[in-house]
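Report on the following structure.
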Amino acid sequence: MVIVLKNDVTDAQINELVDWLQTFDVKTNLIRGLHSKVIGLVGDTTKIDLESVQAKDMVYEVKRVQEPYKQANRRFHPEDTVIEIENRKVGGGKFNVIAGPCSVESEKQIIETAIAVKKAGATMLRGGAYKPRTSPYSFQGLGKKGLEYLLKAKKETGLPIVTEIMSVSHLDQFEDIDVLQVGARNMQNFELLKELGKTDKPILLKRGLANTLEELLMSAEYIMSNGNMNVILCERGIRTFEPMTRNTLDISAIPLLKQKSHLPIIVDPSHATGMTSLIEPMSLCAVVSGADGLEIEVHPDPKNALSDGAQCLTPESFESVMERIKACVEFVGREMDKN
Ligand code: PEP
Ligand code: MN
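Counting from 1, position 310 in the sequence shown corresponds to residue 1501 in the numbering used here; the numbering is continuous, with no gaps.
And the structure:
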């Protein structure tokens, strides 16, 4: 962190600031230039709040030279994090495909879909039991029953379950769930993130609708700084001015997050585009860009789906998209995980 001081700053003010900064266990170096005075900080500055420094009378400008996230930072953890989920490995070379409906609608629907996606090569099953819907009048998910049906589908197929948790108060219902998804709308629900940080469950953390990559990594940091290192990032598109797609898939986020962080990254082309026809091309882009996996919505009867019917594949189309994904995974010298 570099702090540029105001021109008229007095020595007493500098001392006052330095004393305060040293309470954070950092070293301070004062540089007296011809026209300005600058304090350089050496050490772990993650606990120093930028705005609090900026608010001091004697400060003209303050800049971070290091990222504010530490646990998620590749600088301090150069090797890729690999997360084990029921004999699958997310990160570190294996490729995983999480597939299933947007919402769990019935026992029959989720079991039928689970069998179909497993046959096509999916390595995990998704399905929302608690749904974050824009309208309170839309289908809200089957709740506890939905979780029960997901576990039945796991029993039937052996596929680990990925499903969204929306509230800390539901945490005890997710005991047997393999991966807890934090949806885009909850990416900055810090109380939820802190509680998930106290568990050892793998967390699939989706990027918020209008959040920067640094904000995504800071949300990962909330989970990790509470003790849970099992975080998988998910790029699911962000809001832009383009109305033709539901969101805009930020492909550059994939290699960039890989540079900045050691955490695995999954891409969700369904929510990123909102269009069935874009799932295949965006999936292939994600593979080539270095993603560790995909999350794709698949429904046995998209036209009558209770949510997100326009952005899901049928089991048949999923099978053919999977063939192309597998070929692409092989082409980039990687391997599909167990299914
Ligand atoms: C979902 O995966 O069903 C979902 C609601 O996704 P997102 O949080 O990315 O909108
Ligand atoms: Mn959905």
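For each residue, glycine too, the CB sits at the ideal point set by N, CA and C.
Listed in chain order, the non-local C-beta contacts of Gln1204 below 6 Å within the same chain comprise Met1249, local neighbours out to five positions each way being set aside. For Thr1354, the enclosing beta strand (DSSP E) stretches over residues Ile1352 to Glu1355.
Not one heavy atom of the ligand PEP lies closer than 7 Å to the C-beta of Asp1248. In the DSSP annotation of this structure, the continuous segment of the alpha helix (DSSP H) that includes Tyr1413 starts and ends at Leu1404 to Ser1416. Sequence-distant partners of Asp1216 (beyond 5 residues in either direction) whose C-beta falls short of 8 Å from its own C-beta, in its chain, are Gly1234 and Asp1235. Between the stretch 1364 to 1384 and the stretch 1220 to 1227 there are fewer than three C-beta pairs closer than 8 Å, too few to call the two in contact. Annotation: Ile1394 to Val1253 spans about 34 Å, alpha carbon to alpha carbon. Assignment of beta-bridge partners to Glu1275 by DSSP yields Lys1280. Around the ligand MN, the residues selected by a Cβ distance under 5 Å to any of its heavy atoms are Cys1293 and Asp1499, following chain order.
Sequence-distant Cβ neighbours of Ala1501 in its own chain, meaning closer than 8 Å and more than five residues away, are Gly1465, Met1466, Thr1467 and Pro1493.
Residue burial is scored here from C-beta neighbours: Met1378 has at least 16 other C-beta atoms within 10 angstroms and is therefore classed as buried. For the pair Asp1391 and Ile1274, the Cα-to-Cα distance works out to about 11 Å. Fully contained in the stretch 1446 to 1529 are the following beta strand (DSSP E) runs of length 3 or more, in chain order: 1456 to 1458 and 1484 to 1488.
Taking one beta carbon from each stretch, the stretch 1311 to 1324 and the stretch 1506 to 1519 have 3 or more pairs nearer than 8 Å; the two touch. By the criterion of a C-beta distance shorter than 7 Å, Gln1364 is surrounded in its chain by Lys1335 and Leu1338, once the five residues flanking it on both sides are discounted.
Short note on Pro1446: C-beta not closer than 7 Å to any heavy atom of the ligand PEP. Not one heavy atom of the ligand PEP lies closer than 7 Å to the C-beta of Ala1482. The alpha-carbon of Thr1348 is positioned some 6 Å away from that of Ile1306. Taking 3 residues as the shortest admissible run, the stretch 1299 to 1368 contains the following complete beta strand (DSSP E) segments, listed from N- to C-terminal end: 1315 to 1317 and 1352 to 1355. Considering only Gly1284, Leu1208, Ala1463 and Ala1344, the residue with the shortest C-alpha distance to Gly1291 is Ala1344. For Arg1376, the CB falls within less than 7 Å of some heavy atom of the ligand PEP. An exposed status is given to Phe1432, since fewer than 16 other beta-carbon atoms sit within 10 Å of its beta-carbon. Residues Thr1237 and Met1409 of the same chain have their beta carbon placed closer than 7 Å to that of Pro1259, with the five preceding and five following residues left out of the count. Around the beta carbon of Thr1214, a 10 Å sphere encloses fewer than 16 other beta carbons of the protein chains shown; the residue is thus reported as exposed. The beta carbons of Val1489 and Cys1503 sit closer together than 8 Å.
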